Amino acid sequence: MALIGVYADWEGLDGPARIGYLHSRRTRAREIFEFEYDKKALADPSLNFIQLDPEIMLYEGAQYPIPPKDKFGAFSDSCPDRWGRMLMKRRFERDIRDGLCDKDSHLYESDYLLGVHDLYRVGALRYKREDAGEFLDNRIDVAAPPFTEIASLERVSRAIEEDPDNKE
């Protein structure tokens with residue numbers, strides 16, 4: 026079972042604060058999640074005033090998504106959309122070709138959750154694998170879009186906005 030540290034990083038906090046743990050259990054075809062609040066987070070007024078998900082109650086102990094769901098909506102929101110998933114699949118295929126991943130492996134939902142670059146992630150939740158190290162994903166060289174292209178994308182979007190033939 027994999028352990029993912031879940032951190033809050035919203036306005037009003039002094040920095041990222043662990044709110045709980047997401048446990049993932051993989052089968053051949055899918056992955057099942059459970060969430061457990063950190064006891065300290067439940068006692069902290071700066072962290073316990075908000076319910077992360079309608080299915081996650083503010084109490085200790087493991088909590089499971091209501092079937093037929095296998096994950097909570099709050100964590101699905103942190104996962105990429107269809108386009109982002111396609112980019113991650115391409116990156117994964119490149120990693121297999123480069124020998125970084127086993128040829129028989131495939132992407133699970135937790136791979137998508139942890140594969141979004143931390144700087145691009147939507148929302149105020151951040152994640153650490155095994156609750157250690159840096160927030161994920163932190164691989165700048167494979168971020169989508171690559172950091173080197175952001176300035177170029179900005180120039181192109183400004184040119185489109187300033188184009189007199191663009192009536193919108």
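Residue 69 in our numbering is what sits at position 44 of the sequence shown, and the numbering runs on without skipping anything. Every residue, glycine too, gets a C-beta built ideally from N, C-alpha and C. Computed from a predicted structure; not experimentally measured.
Next item on the list: To the nearest angstrom, report how far apart S177 and I121 are at their CA atoms.
Entry: 29 Å
Notebook entry, point to check: Who are D78's beta bridge partners in DSSP?
Noted result: I81
Margin query: Taking the beta carbon of M113 as the centre, do at least 16 other beta carbons fall within 10 Å, making it buried, or is it exposed?
Written below: buried
Notebook entry, point to check: How should A33 be labelled, buried or exposed, when 16 other C-beta atoms within 10 angstroms of its C-beta is the threshold for buried?
Noted result: buried
Check: What are the partner residues of R31, as DSSP defines its beta bridges?
Finding: According to the sequence as given, residue 31 is Val; it is not Arg. DSSP, once it has assigned bridges, lists G45, Y152 as partnering V31.
Item checked: Cβ shell of D162 (< 7 Å), same chain only, five flanking positions each side left out -> L139, G140, V141, H142, D143
Note to self: According to DSSP, Y62 sits in a beta bridge with which residue or residues?
What the structure shows: G45
Next item on the list: Quick one: using the 10 Å Cβ neighbour count with 16 as the cut-off for buried, is E145 buried or exposed?
Entry: The residue asked about is misnamed: residue 145 is Tyr in this sequence, not Glu. Looking at its Cβ environment, which holds fewer than 16 other Cβ atoms inside 10 Å, Y145 is exposed.
Item checked: Anticipated Cβ contact below 8 Å, S103 with G30, distance rounded -> Their Cβ separation, rounded to whole angstroms, is 13 Å, which puts S103 and G30 out of contact at 8 Å.
Next item on the list: Measure how close the beta-carbons of P92 and E80 come, nearest whole angstrom, since I'm counting them as under 8 Å.
Entry: Not quite, the Cβ-Cβ distance comes to about 11 Å (not below 8 Å), so this is no contact.
Notebook entry, point to check: With E56 and Y46 assumed to form a contact (beta carbons below 8 Å), what rounded beta-carbon distance in angstroms separates them?
Noted result: Contact flag wrong, Cβ pair sits at about 15 Å.
Item checked: Option in D106, K64, E134 with minimal Cα separation from R206 -> In the structure displayed, the chain extends from 26 to 193; residue 206 sits before or after that span and is not available.
Next item on the list: Leaving aside the five residues before and after C126 along the sequence, list all residues of the same chain whose C-beta is less than 6 Å from its C-beta, in chain order.
Entry: D120
Note to self: Please state the DSSP three-state secondary structure of I91.
What the structure shows: DSSP places I91 outside both helix and strand once states are collapsed to three, so it counts as coil.
Item checked: Cβ-Cβ distance between P41 and R151 below 7 Å -> yes
Notebook entry, point to check: Is E56 helix, strand or coil by DSSP?
Noted result: Strand, per DSSP.
Checklist line | Beta-carbon contacts of L77 that lie in its chain and below 7 Å, excluding the five residues immediately before and after | finding: A99
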